[in-house]
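Listed in order, the protein sequences are those of chains A and S.
Counting from 1 along the first sequence, just add 28 to a position and that's the residue number in our numbering.
Counting from 1 along the second sequence, just add 28 to a position and that's the residue number in our numbering.
For every residue, glycine included, the Cβ atom is placed at its ideal position computed from N, Cα and C.
Structure first, then comments.
There are 2 protein chains.
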Amino acid sequence: MCPPAMTLSTPVPLAEHRACPVTDVLNRVGDRWSVVVIVLLGGKPFRFNELHRSIEGISQRMLTRTLRGLEHEGLVSREVFPTNPPGVEYALTALGESLLVPLSALARWAVEHHGELAAKP
Amino acid sequence: MCPPAMTLSTPVPLAEHRACPVTDVLNRVGDRWSVVVIVLLGGKPFRFNELHRSIEGISQRMLTRTLRGLEHEGLVSREVFPTNPPGVEYALTALGESLLVPLSALARWAVEHHGELAAKP
DNA sequence: CAGGATCCGAATGGATACTG
DNA sequence: CAGTATCCATTCGGATCCTG
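Structure follows, in structure tokens:
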């Protein structure tokens, strides 16, 4: 399968059938926290605990894992300042910023149509 | 937290602190198959087994569950034709179609920047 | 054809305690 | 401050068998 767009640009690495780009991106960013982090970092760089305080409900472990994941995928950069106590600053990379665009569109849809989705109970 | 956009429109149902709209939407649609199904149905209505054949790798159980979820959230409609053998047709609702728009933007980003994401191994 | 019902392994994610 | 290390519950999702 895979969205129409793919048929335009597909060399397709059949070797080890990787899922289609869309599925792949969602597997990387579609977890519980990644998008939240990206959107926050879209506003300004954050320090670790600053992020921790800003994201309600996230555990320290998950924040670490999420950041490591995003960093490792090239969406977020991590800079260490060897001050005392040490400071670490996270920010979006250029790639991360580019992802922020379509993500913002999705966020807009979310706030606009949020009420129309049926409740879960 | 929650993206800037939220501060513009937030009545906030504090009662039972539901996550922010963005997180909520991602929890509903950010699973393994929902987006794929939505994008496919964006092209035309599908019958059950037609979908099953079109989505490589999905199990019958997951297709059912995904469709039930989307239907129950108001993103997909389900119409039964009491023919013999019976036919069931799935299509996007108006809400589903509206979601397709930002999703397409994300899909476009995916196919364009797919190669830039670092590999996982 | 379009599913419902079970079973089970794998991945996700929270809580907690400890560290340079 | 910015993590790492464990432990454990829940969820996700595939495989398989069965039905109107």
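If you run the structure through DSSP and keep just helix, strand and coil, what is residue i?
{"i": "L145/S", "result": "coil"}
{"i": "S126/A", "result": "helix"}
{"i": "I86/S", "result": "coil"}
{"i": "E99/A", "result": "helix"}
{"i": "W137/S", "result": "helix"}
{"i": "R56/A", "result": "helix"}
{"i": "A43/A", "result": "Confidence in A43/A is poor, its pLDDT being 31 and thus under 50, which makes the residue's placement unreliable; the coordinate value appears in the next sentence. It is coil, neither helix nor strand."}
Using CA atoms only, rank isn't needed, just tell me which of the options is closest to residue i.
{"i": "S126/S", "options": "G124/A, L120/A, E144/A", "result": "E144/A"}
{"i": "V50/A", "options": "P113/S, E117/S, I66/S", "result": "I66/S"}
{"i": "T121/S", "options": "L79/S, S105/S, R81/S, R60/S", "result": "S105/S"}
{"i": "V63/A", "options": "E78/A, G97/A, N112/A", "result": "G97/A"}
{"i": "L54/A", "options": "T94/S, D59/S, E84/S", "result": "D59/S"}
{"i": "I83/S", "options": "H142/A, C48/A, R81/A, P114/A", "result": "C48/A"}
{"i": "L95/S", "options": "L79/S, P110/S, N112/S", "result": "L79/S"}
Check the C-beta distance from residue i over to residue j and give it rounded, since I have them as a contact under 8 Å.
{"i": "P176/S", "j": "A119/S", "result": "There is no way to answer for residue 176/S, as the model of chain S reaches only from 29 to 149."}
{"i": "F76/A", "j": "V108/A", "result": "With 8 Å as the limit, F76/A and V108/A do not qualify as a contact, their Cβ atoms being about 11 Å apart."}
{"i": "R56/S", "j": "E101/S", "result": "6 Å"}
Spell out the partners DSSP gives residue i in its beta bridges.
{"i": "V116/S", "result": "V108/S"}
{"i": "R75/S", "result": "E117/S"}
Short check: CB of residue i to CB of residue j, under 7 Å?
{"i": "P130/S", "j": "W137/A", "result": "yes"}
{"i": "A133/S", "j": "A133/A", "result": "yes"}
{"i": "L123/A", "j": "L103/A", "result": "yes"}
{"i": "L128/A", "j": "G71/A", "result": "no"}
Could you tell me whether any non-hydrogen atom of the ligand FMN is closer than 6 Å to the CB of residue i?
{"i": "L69/S", "result": "No copy of the ligand FMN appears in this structure; indeed no ligand is present at all."}
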